[in-house]
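Just so we're on the same page, the numbering used here is the position in the sequence shown counted from 1, plus 46.
Built from N, CA and C at the ideal position, the CB exists for glycine as well.
Remember, predicted model here, so these are calculated numbers, not experimental data.
Below is one structure, written out as structure tokens; comments come after it.
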Amino acid sequence: DATGEAGVPGALRCQLAEEGGMPFFVKGVDVRRADRSAKAVGEAGKAEFMMDGLTPVPDDIVPLETNVVGNYAVQISWPDGFSQVATFAQIKALTRIQVGVGAATTAA
47 DATGEAGVPG ALRCQLAEEG GMPFFVKGVD VRRADRSAKA VGEAGKAEFM
97 MDGLTPVPDD IVPLETNVVG NYAVQISWPD GFSQVATFAQ IKALTRIQVG
147 VGAATTAA
């Protein structure tokens, strides 16, 4: 959410048809850290690190590009060169940002 619509740096705006298409926001850092396939040199399987294997994923990380993959996932390109495929189920399970409230909730 580079425009600041959610009021949280790095927030991603999401809409899922199964939830009536109502928009919600999640933190980009939460999406990145939820990746099941993240592999960084020297830290294979450590989703909490950037591709260099040493630098922690910053809390305000923002994707460079996102693209829908079929009707089940989104492909995300991150600034360190990592390409992630996050399923809608993974995104749905993340903590959501309540716009204008300053609190977060976890989707059930």
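Query: CB-CB length for F71 against I143, believed under 8 Å; Result: 4 Å
Query: Beta-carbon proximity check, L62 vs G74, cutoff 7 Å; Result: no
Query: Buried or exposed (CB count within 10 angstroms, at least 16 for buried), A149; Result: Below a pLDDT of 50, predicted positions are generally treated as unreliable, and A149, at 47, falls in that range; the measurement from the model is reported next regardless. Exposed.
Query: Host beta strand (DSSP E) of Q144 (start-end); Result: Q144 -> no beta strand (DSSP E), and no H or E assigned at all.
Query: C-alpha distance - A18 paired with A135, whole-angstrom precision; Result: Residue 18 cannot be examined here, being either before or after the span of the chain that is shown, 47 to 154.
Query: Contact set for G67: own chain, Cβ-Cβ below 8 Å, skip 5 residues either direction; Result: Q61
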